[in-house]
Amino acid sequence: MISPYVRRHRLATELIRLREEHGYSTQRLATAVGIPRQRISQLQNGHVRPNDAEIMRILNVLKVGDRRWQQITTIAREAAERGWWEKFRDEMGPSQALYADLEAGARAIAEYQTLLPGLLQIPAFTEVRMRVNRGPRSEDFDPTRALEARQIRQRILHRDGGPSYEVIIDELAVRRHAAPPDVVRAQLDHLVQIGRERKKKITIRVLPISVTVPGYVVPGSPFFTYRYPDPGDPVVVAVEMARRDLVLTDPAETNGYLDQYRRLQQAALTHDESLDFLATVAEELPAYTGSRR
20 MISPYVRRHR LATELIRLRE EHGYSTQRLA TAVGIPRQRI SQLQNGHVRP
70 NDAEIMRILN VLKVGDRRWQ QITTIAREAA ERGWWEKFRD EMGPSQALYA
120 DLEAGARAIA EYQTLLPGLL QIPAFTEVRM RVNRGPRSED FDPTRALEAR
170 QIRQRILHRD GGPSYEVIID ELAVRRHAAP PDVVRAQLDH LVQIGRERKK
220 KITIRVLPIS VTVPGYVVPG SPFFTYRYPD PGDPVVVAVE MARRDLVLTD
270 PAETNGYLDQ YRRLQQAALT HDESLDFLAT VAEELPAYTG SRR
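So the sequence shown is numbered by my numbering: it starts at 20 and just counts up by one.
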């Protein structure tokens, strides 16, 4: 399953391209198809799930050939799919549901983090962060379900055919404890273990405090990049924000983040150096004594 969010944006791009190729304005197309102009605009913005009937009516009006018809109807079907996260979006939180969507079907995931990364967190560390983080939540938010959702998301890194994954962790995330010291130690030990066991698919790199990133780059927020198997799908960048995360698909907006990430890669320790560093820091902390509730 490819991210429905990403496929909606791919569908939007294809519909705009088709409409412009045939010389239709949005209003003219809406009139010809018999669909409200607002609905056409929403489809072109990737803001709504399409349905088969309306997409076929658009393709009929634009007299689309068989090959392209098949391509676009396939994209539309995938754009309308509902992932496992839809069943308990409110319980797991909208932010985590969004990331679960973006991760679906990704070929490569990379992130810059100022906190030990969620896809590699142990349950004890996640539990602490959920208690501390009091961001926007619905009345239905359930910490237990949210933790279950995090564990489901983590499975993609261990699945056959799953994405490659790289994280650049700011050294401050390692030095500044975001949980009790023994939990931090268990978390760091886990990063070292998984980094060694899954070296072909998982890359962990630490950005030292002492380095100067080329171009004096200092990211303002953690961010993620997602690439997908279909070269026609956009490269997606998600930026963690205080109230609501920002998702970018326009190359004019994503290219700056991709350039930042390349510069961070140039400055970060190698994978092996990073694991040695994490192991050294972990040894300075007390052994894990068990979960806290």
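From the three backbone atoms N, C-alpha and C, an ideal C-beta is built for every residue, glycine too. Just so you know, these numbers come straight off a predicted model, no measurement behind them.
Evaluate residue i with the Cβ neighbour count: other Cβ atoms within 10 Å of its Cβ, from every protein chain shown; 16 or more gives buried, anything less gives exposed.
i	result
Arg169	buried
Glu40	exposed
Ile188	buried
Pro305	exposed
Arg312	Because Arg312 sits at a pLDDT of 49, beneath the cut-off of 50, its placement in the model cannot be relied upon, and the following sentence gives the value as read from the coordinates. Label assigned to Arg312: exposed.
Leu30	buried
Thr268	buried
Tyr24	buried
Asp120	buried
Gln132	buried
Arg101	exposed
Pro253	buried
Trp103	exposed
Arg27	buried
Gly319	The question about residue 319 has no answer here: the residues shown for the chain are numbered 20 through 312.
Report the residue from the options whose alpha carbon sits nearest the alpha carbon of residue i.
i	options	result
Lys219	Leu176, Ile187, Val258, Phe107	Leu176
Leu297	Leu62, Pro23, Gln212	Gln212
Ala261	Asp159, Phe144, Ser114	Ser114
Ile91	Phe243, Asp109, Ile77, Arg148	Ile77
Arg217	Glu73, Glu302, Leu139, Tyr131	Leu139
Val151	Ala198, Ile94, Gln57	Ala198
Arg215	Leu34, Asp291, Glu185	Asp291
Ala301	Arg195, Glu259, Leu283	Arg195
Just curious, the alpha helix (DSSP H) that residue i is in, first and last residue?
i	result
Asp85	85-98
Gln170	162-173
Val147	142-151
With respect to the beta strand (DSSP E) encompassing residue i, which residues constitute its N-terminal and C-terminal limits?
i	result
Ser44	That residue, Ser44, is in no beta strand (DSSP E); it is neither H nor E in DSSP.
Arg195	Arg195 -> no beta strand (DSSP E), and no H or E assigned at all.
Val80	Val80 -> not in any beta strand (DSSP E); alpha helix (DSSP H) instead, spanning 71-80.
Gln321	Residue numbering for the chain in the displayed model covers 20 to 312; residue 321 lies beyond these limits and cannot be assessed.
Which partner residues of residue i appear in the DSSP bridge assignment?
i	result
Glu110	In DSSP, Glu110 forms no bridge with anything.
Asp189	Leu226
Ser183	Ala127
Gln115	Partner(s): none; Gln115 has no beta bridge.
Complete alpha helix (DSSP H) runs within the segment 204-290 (minimum length 4 residues, chain order): 270-286
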